Amino acid sequence: MHAPTFQPTPATRVFLPRLLWPLVALLVAVLGVSTAALLWVSRDADRGAAIAARDRMQAVIGVQLEAYAETLEASLRAATGTEPITPATTGAFLALARPHFDATGVFALDGEGRIVSADVARGAGARPALSLDTAIVADLLGRALLEAQDVRTTGSRRPAAPQLAAIDGRIVAVVAISEMRPDGGALAVGLRAMNRDELAALAIDQAIGNFMVGEGPIDDEARGFDIAAVDGQAVYHVAWTPERPGSLWRGKVLWLVIGPALLAFALLGLAVMHARRVSAELAQTQEHVQTLAVSDPLSGLPNRLLFAQRLDQELARVTRTGEGLAVMFLDLDRFKEVNDAFGHQAGDELIKLVARRLMTHLRGTDVLARFGGDEFAIIQPGLKSAEGAEALARRILDAISEPFEIEHSAVTIGVSIGIALAPEDALDRETLMRLADTALYQAKNDGRNRHSFFERRMDEAIRMRKLVADDLRDAITGDGLELHYQPIFAADRDEVVALEALVRWRHPEKGLIPPDRFVAMAEQSGLILPLGDWVLRRACNDARRWPGLRVAVNVSPIQFRQRDYVETVGRILEETGFDPTRLELELTEGVVVEDADAAEAAMMRLRAKGVNLALDDFGTGYSSLIYLRRFAFDKIKIDRSFLESMEATGESAILVHSIVHLGRALGLTVTAEGVETREQQRFLQALGCHQLQGYLLARPMPASDIDALLSARRHAGAA
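Its first residue numbered 1, the sequence shown is counted upward by one per residue in UniProt numbering.
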């Protein structure tokens, strides 16, 4: 026998990648962009401050050089007046310039560029004289003469602005004064050495720190400037350490950015760890729920879900290999009598004994499942002929006919078996199971405790169902249907909080027919759409007189898959004037399994209208966290089959416990159906189940009885 198996879905795949990692990426991106922008702005501010300092330094040096030029010009004017420079006047000029200009070298040139007179002796202040060779003097004086010729038309006595030059390892100020005469006039040139202390004093005056003079060109124009050489020696430069205001406030501001970012990362890390822990707990809960969901809690056998999965696998093998298989549906005869005579616990014990006895007659490749109640099913693969299936059916009939010991009493029951074969009868699961069910129906009609193979003559039963479908069509268009409502109570107080609408068919010959006997027929015959519209419209009209209560309406998967279903619901709500927030649509898992994307889109549109959505029969199908989180249900309803054997088996109670806590963890309302005993009620209340529904509390009743019930409760509350 094959044990139930499943593939759990890790809950972290649902939550962490979709939410947390995008947040991490966004935070990192924002931090990176902010830091880059801060670094760029601060560096730009530092460079701007450095360039401003350079400009200030050049300006103050220019002022000092201009003062030297004015001294030289004053000496020339005092010596010559308006007369030209001649050998007779140069002596007076040099005598005046030497003490006032404190020159390192003073030269007088005529209009042809010839040196009229020169003084390169030691100047005042005991500065050492320069070793000026003829080439250097000629170069300097030649440049000054050319500049004088270019600027005479401007009316200025200055051929060019004073400048610094590197001469003989010293930094020298070069100043030239021109005579302004139509015939050209002479030129006076003065040289004055400037030592590092003088330059440093100017830098200190401008609050420029770490001033230095070095050889070679400057490596960063924002930190100083070059002094060109005229004697072939290396180029000098003056440099300093500029202020860095951007760096100062960058460090402060950067911590204002990094601090909150680190805090955010820490909080995000805590959130990730918490999310992983919660997700792991949810995954464990889901795994436990799914493990129990694919097996029958009472007998331990596979349930309908796992049976369907295995049948699909075996049918695929039939298609590949050509081997046959049989599907058998079993229904115990006289089980109800045993249950009524000895009680539910005895009935549960009988189910376990039947399951064990059946397994002793099956091969390891066969599959035995329990569908609920007294219904079992078998897959018999590797079948070579119908005789093999018939032999197994006879062995089962003989085995079940043997007495069972229940509460020290011998109990005899029987079993009816319906058999359908593949590939002879069908090759798809749904058809094969339907044909096996048809054969089972025939076996019961033939007297029970026997087996019956599906035969084509049984199609007559289908024809008869068509006749019944015609009657149902007349009931929908006429006045043959009515709605009953079963109250749903708050688990923690005796208060009606909702009503579930249940359709009834009042047949003229067969009386009141419950929905489980004709809804499937309506789905097969195409009547489910008008039937569903009728139920929704009537429920909305009736519920208008019960303010404050929600009304739940069951929706067939066929209805929900209609493209215009959402529009149909909206139209009925508008026609009836019913508040959509009081409407609750109950959907089974079959609605979302076939086309999840279309189902999600329809559910989002319904929720946008204010309609509530409940997942009905939770745990009997493909229940998973994926569906609960993706489709955003408001409520889950625990199927009544889980409560049937809850008092007799611990596994069933564990399953119900897991479902309740799973629903509460996801923030969903949890409703338990089929509450029939006080023990079940107390157990569900202790678990924290939100709502209860079942015969123990109230049976389905017509709308008029609901009116009376609610009125009586209001009067009782007022009293």
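We put the CB at the ideal spot given by N, CA and C, even for glycine. Just so we're clear, the structure is a prediction, and the values are computed from it rather than from any experiment.
Check whether Pro297 and Ser658 have beta carbons under 8 Å apart
Stepping through the sequence shown from its first residue, residue 297 is reached at position 297. Stepping through the sequence shown from its first residue, residue 658 is reached at position 658. No. Outside cutoff.
Let me know if Trp40 comes out buried or exposed under the rule of 16 or more other beta-carbons within 10 Å of its beta-carbon.
Numbered from 1 along the sequence shown, position 40 holds the residue referred to as residue 40. Trp40 is exposed by the Cβ-count criterion.
Where Lys637 falls, given that 16 or more other Cβ within 10 Å makes a residue buried:
The count along the sequence shown starts at 1 and reaches residue 637 at position 637. It is buried - the Cβ of Lys637 has at least 16 other Cβ atoms within 10 Å.
Counting along the chain, where does the alpha helix (DSSP H) carrying His657 start and finish?
Counting from one through the sequence shown, the residue named residue 657 turns up at place 657. Unbroken alpha helix (DSSP H) run through His657: 650-665.
Could you spell out where the alpha helix (DSSP H) holding Arg678 opens and where it closes?
Residue mapping note: residue 678 aligns to position 678 of the sequence shown, counting from 1. That run of the alpha helix (DSSP H) goes 678-687.
Val327 to Asn449, Cα distance in whole Å?
Counting from one through the sequence shown, the residue named residue 327 turns up at place 327. Counting from one through the sequence shown, the residue named residue 449 turns up at place 449. Going by the C-alpha atoms only, they are around 18 Å apart.
Extract the residue ranges of the alpha helix (DSSP H) inside the region 534-616, only unbroken runs of 4 or more that lie entirely within it.
557-560, 565-576, 590-593, 596-608
Using beta-carbon positions only, say whether Thr412 and Pro423 come within less than 8 Å of one another.
Here residue 412 is taken as the residue at index 412 of the sequence shown, counted from 1. Here residue 423 is taken as the residue at index 423 of the sequence shown, counted from 1. Against a cut-off of 8 Å, the Cβ pair of Pro423 and Thr412 comes out as no contact.
Give me, in chain order, the residues of the same chain whose beta-carbon lies closer than 8 Å to that of Asp533; leave out the 5 immediate sequence neighbours on both sides.
Translated into the one-based positions of the sequence shown, residue 533 becomes position 533. Hits under 8 Å: Thr568, Ile572.
Cβ neighbours of Leu432 in the same chain (closer than 8 Å, five flanking residues each side left out)
Counting from one through the sequence shown, the residue named residue 432 turns up at place 432. Result list for Leu432: Leu311, Leu315, Val327, Ala420, Ala422, Asp425, Ala426, in chain order.
Cα-Cα separation between Ala11 and Glu281, rounded to whole angstroms
Within the sequence shown, numbered from 1, the residue matching residue 11 stands at position 11. Within the sequence shown, numbered from 1, the residue matching residue 281 stands at position 281. A caution first: Ala11 carries a pLDDT of 44, below 50, which makes its placement in the model unreliable, though a value can still be read off. Near 9 Å, if we compare the C-alpha coordinates of Glu281 and Ala11.
Would you check if there are 3 or more beta carbon pairs closer than 8 Å linking the region 378-393 to the region 430-445?
no
Based on DSSP bridge pairs, tell me the residues matched to Ile513.
The residue you call residue 513 lines up with position 513 of the sequence shown. Trp505, per the DSSP bridge assignment.
Does Leu687 have its Cβ less than 8 Å from a Cβ in chain C?
Any reference to chain C falls outside this structure, which holds one protein chain only.
Could you tell me how far apart the beta carbons of Thr677 and His690 are, in whole angstroms, since I believe they sit closer than 8 Å?
Start at 1 with the first residue of the sequence shown, and residue 677 comes out as number 677. Start at 1 with the first residue of the sequence shown, and residue 690 comes out as number 690. No, Thr677 and His690 are not in contact; Cβ-Cβ is about 19 Å, not under 8 Å.
Could you tell me whether the Cβ atoms of Gly322 and Lys384 are closer together than 8 Å?
Mapped onto the sequence shown, residue 322 falls at position 322. Mapped onto the sequence shown, residue 384 falls at position 384. No, they are not a contact pair.
Nearest-angstrom Cα separation, counted from Gln680 out to Gly32:
Along the sequence shown, read from residue 1 onward, the residue named residue 32 stands at position 32. Along the sequence shown, read from residue 1 onward, the residue named residue 680 stands at position 680. Looking at the two C-alpha atoms, the distance is approximately 59 Å.
Is the region 638-646 in contact with the region 599-615, if contact means three or more CB pairs nearer than 8 Å?
no
Sort out for me which residues DSSP pairs Glu405 with in a bridge.
Counting from one through the sequence shown, the residue named residue 405 turns up at place 405. Beta-bridge pairing links Glu405 to Ala410.
Boundaries (first-last residue) of the beta strand (DSSP E) holding residue 720
The structure shown does not extend to residue 720, since the chain is modelled only from 1 to 719, so the question has no answer here.
My understanding is that Leu529 touches Gln559, with C-beta atoms under 8 Å, so please give their C-beta distance in whole angstroms.
Taking the first residue of the sequence shown as 1, we reach residue 529 at position 529. Taking the first residue of the sequence shown as 1, we reach residue 559 at position 559. Contact holds; Cβ gap of about 6 Å.
Is the region 472-490 touching the region 685-705 in the sense that three or more CB pairs, one from each, lie closer than 8 Å?
yes
Out of Pro580, Met458, Leu628, point me to the one whose CA is closest to Ala596's CA.
Here residue 596 refers to the residue found at position 596 when the sequence shown is read from its first residue. Measuring from the Cα of Ala596, the nearest candidate turns out to be Leu628.
Specify, as a first and last residue, the run of the beta strand (DSSP E) that residue 735 falls within.
No information on residue 735 is available, as it lies outside the stretch 1 to 719 that the chain covers here.
Can you find the residues in the same chain that come closer than 6 Å, C-beta to C-beta, to Arg370, ignoring five residues on each side of it along the sequence?
Counting from 1 along the sequence shown, the entry for residue 370 is found at position 370. Closer than 6 Å at the Cβ level, and outside the excluded window around Arg370, lie Asp296, Ser299, Leu301, Phe376.
Given Arg473 as reference, the closest of Met458, Phe518, Glu509, Ser416 once Cα atoms are compared:
Taking the first residue of the sequence shown as 1, we reach residue 473 at position 473. With distances taken between Cα atoms, Arg473 lies closest to Phe518.
Which residues bound the alpha helix (DSSP H) around Val354?
Walking along the sequence shown from the start, residue 354 turns up at place 354. Element bounds for Val354: 344-359.
Let me check understanding here. Comparing Cα to Cα, which of Gly694, Arg304, Pro547 lies closest to Glu430?
What you label residue 430 is simply residue 430 of the sequence shown in a count that begins at 1. Closest option to Glu430, Cα to Cα, is Arg304.
May I have the straight-line CA-CA distance separating Thr365 from Arg317, to the nearest angstrom?
For the purposes of this step, residue 365 is identified with residue 365 of the sequence shown, where counting begins at 1. For the purposes of this step, residue 317 is identified with residue 317 of the sequence shown, where counting begins at 1. The straight-line gap from Cα to Cα measures roughly 13 Å.
Exposed or buried, what is Glu349 when buried is set at 16 or more other beta-carbons lying within 10 Å of its beta-carbon?
In the sequence shown, residue 349 corresponds to position 349, counting from 1. The residue in question, Glu349, is buried, as its Cβ has 16 or more Cβ neighbours within 10 Å.
Give every residue of the same chain whose Cβ lies closer than 7 Å to the Cβ of Pro514, excluding the five residues on either side of it in the sequence, and list them in chain order.
Position 514 of the sequence shown, counted from the first residue, corresponds to residue 514. The residues are Arg504.
Where Lys384 sits in the DSSP three-state scheme:
The sequence position of residue 384 within the sequence shown is 384, counting from 1. The answer is coil: DSSP assigns Lys384 none of H, G, I, E or B.
What do you reckon, are the CB atoms on Val592 and Phe631 nearer than 8 Å?
Counting from one through the sequence shown, the residue named residue 592 turns up at place 592. Counting from one through the sequence shown, the residue named residue 631 turns up at place 631. In contact: Val592 and Phe631 (Cβ atoms closer than 8 Å).
Gln693 - DSSP class collapsed to helix/strand/coil:
Position 693 of the sequence shown, counted from the first residue, corresponds to residue 693. Of the three classes helix, strand and coil, the one that applies to Gln693 here is coil, per DSSP.
Let me make sure I understand the geometry here. Which of Ser645, Leu684, Gly650, Gly478 has the alpha-carbon closest to that of Ala346?
Within the sequence shown, the letter at position 346 stands for residue 346. It is Ser645.
Whole-number beta carbon distance between Leu512 and Ile476, since they are thought to touch under 8 Å
What you label residue 476 is simply residue 476 of the sequence shown in a count that begins at 1. What you label residue 512 is simply residue 512 of the sequence shown in a count that begins at 1. The Cβ separation is near 16 Å, so there is no contact.
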